[in-house]
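Visitor: I am attaching a structure below and will ask some questions about it afterwards.
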Amino acid sequence: MNQLSLLLKYKLKMWSNIPKRRGRRGMPLFAYVLILAGVFAAIGIPTYFLFVETFKTYSTIVFGGVSLADLFVEISMIGILVLVLVTDTPAVALNVFMSDDVDFLLSLPISQSTIFASKAIETMIQGGFPALFVIPVLAAYANTVNMPWYEIIFMFVMYIFYFLILTAISSLIALGVSKFASRSGTQRFMILTSLIVYVFVIILMSMVGSLNSNAGNVEMVFSNYVNTVNAPYLPSTWFLDALKMQWSGILLVIGTSIALSAIAYLVASNGILTGFSKMTSAGKRTLHRKKYRIRRPVIAFISKDVKLMRREPSILFLLIYPAIFPLILVVSTLGKGGNVMNRDIMIPVISVFLSSMYTVIATASLVSIEIKVGDFVNTLPIGKRTPLWSKAFVITSAFATVMIVTFSILSAIFGNTLFPIVTVLFSIPILLTLSFFGVYATIRWPSSIGGIRRPLNTTGTLVSMGMGFLGATFADLEGIYIGYNQVLSFLNPVLGFFVFFVAPVLAEIVMTIVTFKLLSKFDWTKPYDLGNRKDD
Amino acid sequence: MTELVRVSNLRKDFGKITAVKSISFKINTGEIYGFLGPNGAGKTTTMRMITGVLVPTSGKVEICDLDLEAHPIKVKSQIGVVPDEPKLYENMTGQEFLEFVGSIFSMEKVEMMHMISELCDAFEINFLEKFIGDYSHGMKQKLVLTSVLMRKPKVIFLDEATVGLDAKSAKILKMLLRKYADEGSAIFMTTHVLEIAEKMCDRIGIINAGNIIAEGTLTELRSESGKQSLEDIFLNLTGSNEEDVKEIIENL
């Protein structure tokens, strides 16, 4: 136990030292806790009231003994299960079991089970925050079914056992993935698993979307899922049974969590950790006789950035959002006889908003890859701005392509091509500007972790989101003016022209000038010095 | 004999700290120049300034008769740099990386493929189809060496290049560097392994606290210091002698 607390203590110390190492003052631990508590309260309290209201509104809906509140608890539990198993597992395999300090820890006189336990706790700290967001749903459930206080405590104890089941399964899968997959293979696994999450999100969104409809419609939508969600082999079903004080549920949740945790502990204690290899052995095939392609230097750089972008899961996720959200909107409005005009406007508008905000972050991620590589780029015979122009070009093209493809498909299905196409065309210049702003943001506000997945600190992320929001607003206003001006019939034509076209264009120009002014101020050699300076 | 590298009064300040005070040296064509010094002496900072990675506070660097500050791209197209810690694009394969470097340096395709083939055979590289993120340190080092040596640059800079290489690859590297020097390249290498410097280098510069404190051929250094081995010369010049070392060991 002493060794475990020592390992965790130094891990916390290491995390808190990262900002200091970057020459910046670290934020005290309690400030982080306060921020997290604030975020939790800001999201959790409205969620609680929303669910209390929903459960009471639809209290008459019962599917063979399972109420809508029951079903929502189960869906939340499945959501956490998907989140932990599907997204955290490869992350655990990649970041924890394959992390550099494992080899060092294994060389110390510490038992493997202690190392495993410390790594599992690290994972829970890193990935457990989303699990807190189930608490408002559980609290709303407790309120709806009038649970006495001791049952509420029991419910949260059960939730801890439930979370242990997920962590144990996740750790076991991570152990397996780490054993058989390479680092890059694990990254590809992450892309695949994230797509599963998106499918889950689409289903969930269409279910949540139905809550605005009448009780009959809600009943119809959820009746399709009740058998799947309430399947007896799912831990979420055991959890619900436990909340209803059924012994079978209680025993299954507690028994399974203890058994799986013990198996994970035993597997880790019996030397499997030392058998890990960070890569599969090199093949015997010699490939140096393969054909090579020589390109012009600038094209070579762009081609390299396209490859890095395609292979970086965090950037791919950002690229998927502007395509997937219109799909969610379409799915959730299908067959509901909703306002078609609103849908036609909302889809491009949301997509442009997402593209604009994620352009900044995606560029920052791509720049972070270059920063990680360090001095190498500076030793190449290319202009210092070439790598940064290349990144802005690649990211802008990628988001523009995603939007064009998405809207082409949707327009082909639903008609009305003018507004989406005009909006996309107007958004391309602003995406380029925002991409350059992403370059600036990476240098100005690097995250203390300095990672590719989180390239910007909180200030940088907020400013970037703000800039993205502004840029998207300008592009959308221009798009509405040119492509959908029938909605502006209530306005004086001159005023409409000024507000929806001249002002946004001028604002875009100002934003571009400011971005390039900001960029011209910093030393272009500096990005590649971050964290890489070694002066012996 | 042509001077391929001319470094004059190079200085680098990081805020109030001066990492390199005033360094001047020259490297001729066909010469292997060893740059030695204790930890924190300023070796890597010097190398980063000469290779255009770090802008010096003052001083001048000329490579192949070109001023680095005025013609950075032309200079960089003449040099190859092997860092001590190879940091590469983890999501690229080795083959893609070599193709990228070949394109950036506008190499002839046939020549590039021939050189890659030769160097892969020499360093026993059979992992080019794998992602760099899956490479060990030694594999990355071999890839970087291949990306530099395939171009046959006029000047090669190596920072502890043998670290991480197996004995055979290290031996091949040493022989290749000698061959490249004999064919007219200039080699600048830093190393902590004094035996390597003793056997390979035509001239040696010893840096301490940001200044070059001794420079010359091994024979010149021996006659100046009165010591025979490079280890003794080095320890003597950097403020430690055999008695000091013995005392430290005895006190432990």
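Protein sequence lines correspond, in order, to chains A and B.
Letter by letter, the first sequence follows residues 1 to 536 in this note's numbering.
Letter by letter, the second sequence follows residues 1 to 252 in this note's numbering.
The C-beta atom is built at its ideal place from N, Cα and C for all residues, glycine as well.
Taking only runs of the beta strand (DSSP E) that begin and end inside the segment 159 to 208 of chain B, which ones reach a length of at least 3 residues, in chain order?
Guide: For the segment 159 to 208 of chain B, whole beta strand (DSSP E) runs of length 3 or above, ordered along the chain, are 186 to 190 and 203 to 208.
Visitor: Please report whether the beta-carbon of residue 91 of chain B lies at a distance below 7 Å from any beta-carbon of chain A.
Guide: Chain A contact via Cβ: present.
Visitor: Against residue 107 of chain B, what residues of chain C qualify as contacts under a CB-to-CB distance less than 8 Å, listed in chain order?
Guide: In the structure shown, chain C does not exist; the protein chains are A and B.
Visitor: Do residue 468 of chain A and residue 434 of chain A have their CB atoms nearer than 7 Å?
Guide: It is a contact, given that the beta carbons lie within the stated cut-off.
Visitor: Indicate whether the contact test is met: 3 or more Cβ pairs, each with one atom in the segment 21 to 28 of chain B and one in the segment 173 to 182 of chain B, closer than 8 Å.
Guide: Contact between the segment 21 to 28 of chain B and the segment 173 to 182 of chain B is absent, because fewer than three Cβ pairs lie under 8 Å.
Visitor: Residue 88 of chain B touches chain A at which residues, Cβ-Cβ below 9 Å?
Guide: In chain order: 373 and 376.
Visitor: I'd like to know whether the C-beta of residue 76 of chain B is nearer than 7 Å to at least one C-beta of chain A.
Guide: Judged by the 7 Å Cβ criterion, residue 76 of chain B is in contact with chain A.
Visitor: Near residue 230 of chain B, which residues of its chain fall below 7 Å by C-beta distance, leaving aside the five closest residues on each side in sequence?
Guide: Around residue 230 of chain B: 194, 197, 198 and 218.
Visitor: Determine the direct distance from the alpha carbon of residue 38 of chain B to that of residue 192 of chain B, and round the result to whole angstroms.
Guide: When rounded, the distance between both Cα atoms is 8 Å.
Visitor: Curious, which full-length alpha helix (DSSP H) runs of at least 4 residues does the segment 75 to 155 of chain B contain?
Guide: The segment 75 to 155 of chain B contains these whole alpha helix (DSSP H) runs: 94 to 104, 109 to 123 and 137 to 149.
Visitor: Output, in chain order, the set of chain A residues within a Cβ distance shorter than 8 Å of residue 155 of chain B.
Guide: Neighbours of residue 155 of chain B on chain A: none; closest Cβ ~12 Å, over 8 Å.
Visitor: Label residue 12 of chain B either buried or exposed according to how many other C-beta atoms from any shown protein chain fall within 10 Å of its C-beta, with 16 as the threshold for buried.
Guide: Classification of residue 12 of chain B: buried, given that the 10 Å Cβ count is 16 or more.
Visitor: From which residue to which residue does the beta strand (DSSP E) around residue 542 of chain A run?
Guide: Shown here, chain A extends from 1 to 536; a query on residue 542 of chain A therefore has no answer.
Visitor: Can the beta-carbon of residue 4 of chain B be found closer than 7 Å to that of residue 161 of chain B?
Guide: Not in contact: residue 4 of chain B and residue 161 of chain B (Cβ atoms no closer than 7 Å).
Visitor: Go through its chain and collect everything with a Cβ distance to residue 112 of chain B's Cβ below 7 Å, but skip five positions before and after it.
Guide: Around residue 112 of chain B: 102 and 150.
Visitor: Do the CB positions of residue 383 of chain A and residue 423 of chain A come within less than 7 Å of each other?
Guide: Result no, Cβ atoms of residue 383 of chain A and residue 423 of chain A do not sit closer than 7 Å.
Visitor: Using a Cβ-Cβ distance under 7 Å, would residue 313 of chain A count as near chain B?
Guide: No, residue 313 of chain A lies away from the interface with chain B (no Cβ there is under 7 Å from its Cβ).
Visitor: I need the straight-line Cα distance from residue 401 of chain A to residue 169 of chain A, nearest angstrom please.
Guide: Approximately 39 Å, taken between the alpha carbons.
Visitor: Taking only beta-carbon positions, decide if residue 379 of chain A is within less than 7 Å of chain B.
Guide: It does; some Cβ of chain B falls within 7 Å.
Visitor: Evaluate the contact criterion for the segment 55 to 70 of chain B versus the segment 82 to 98 of chain B: three or more CB pairs, one atom per stretch, below 8 Å.
Guide: No: the two stretches stay apart, fewer than three of their Cβ pairs being nearer than 8 Å.
Visitor: So, with DSSP's three-state summary, where would you put residue 66 of chain B?
Guide: Three-state result, residue 66 of chain B: strand.
Visitor: Taking only beta-carbon positions, decide if residue 300 of chain A is within less than 7 Å of chain B.
Guide: Taking Cβ atoms only, chain B reaches closer than 7 Å to residue 300 of chain A, which makes this a yes.
Visitor: For residue 387 of chain A and chain B, any beta-carbon pair shorter than 7 Å?
Guide: No, no contact with chain B.
Visitor: Roughly how many whole angstroms lie between the Cα atoms of residue 481 of chain A and residue 405 of chain A?
Guide: Looking at the two C-alpha atoms, the distance is approximately 22 Å.
Visitor: Would you mind working out which of A/505, A/326 and A/359 sits nearest residue 348 of chain A, comparing C-alpha positions?
Guide: With distances taken between Cα atoms, residue 348 of chain A lies closest to A/326.
Visitor: Could you work out which residues of chain B lie near residue 173 of chain A, taking near to mean beta carbons separated by less than 8 Å?
Guide: None at all; the shortest Cβ gap to chain B is about 20 Å.
Visitor: Since residue 304 of chain A meets chain B, which of its residues come closer than 8 Å, beta carbon to beta carbon?
Guide: Correct list: 89, 92, 96 and 100.
Visitor: Of all the options A/363, A/408, A/68 and A/439, which has the alpha carbon lying nearest to the alpha carbon of residue 517 of chain A?
Guide: Nearest of A/363, A/408, A/68 and A/439 to residue 517 of chain A, Cα basis: A/439.
Visitor: Rounded to the nearest angstrom, what separates residue 64 of chain B and residue 50 of chain B at their Cα positions?
Guide: Cα-Cα distance, rounded: 12 Å.
Visitor: Buried or exposed for residue 44 of chain B, please, with buried defined as at least 16 other CB atoms from any protein chain shown within 10 angstroms of its CB.
Guide: With 16 or more Cβ atoms within 10 Å of its Cβ, residue 44 of chain B is classed as buried.
Visitor: Quick check: the Cα distance between residue 504 of chain A and residue 292 of chain A, rounded to an integer number of angstroms?
Guide: Whole-angstrom Cα-Cα distance: 47 Å.
Visitor: Look up residue 33 of chain B in the DSSP assignment and give the residues it is bridged to.
Guide: DSSP output for residue 33 of chain B lists B/188 and B/203 as bridge partner(s).
Visitor: To the nearest whole angstrom, what separates the beta carbons of residue 145 of chain B and residue 173 of chain B, a pair I think is in contact under 8 Å?
Guide: Their Cβ separation, rounded to whole angstroms, is 6 Å, which keeps residue 145 of chain B and residue 173 of chain B in contact under 8 Å.
Visitor: In chain A, what lies closer than 9 Å to residue 253 of chain B by C-beta?
Guide: Nothing can be reported for residue 253 of chain B, as the shown portion of chain B is limited to 1 through 252.
Visitor: If you drop the 5 nearest sequence neighbours on each side, which residues of the same chain put their C-beta closer than 7 Å to that of residue 295 of chain A?
Guide: Counting only Cβ-Cβ distances below 7 Å, and skipping sequence neighbours, we find 303.
Visitor: Give a yes or no on whether the minimum CB-CB distance between residue 308 of chain A and chain B is below 7 Å.
Guide: Yes, its Cβ sits closer than 7 Å to a Cβ of chain B.
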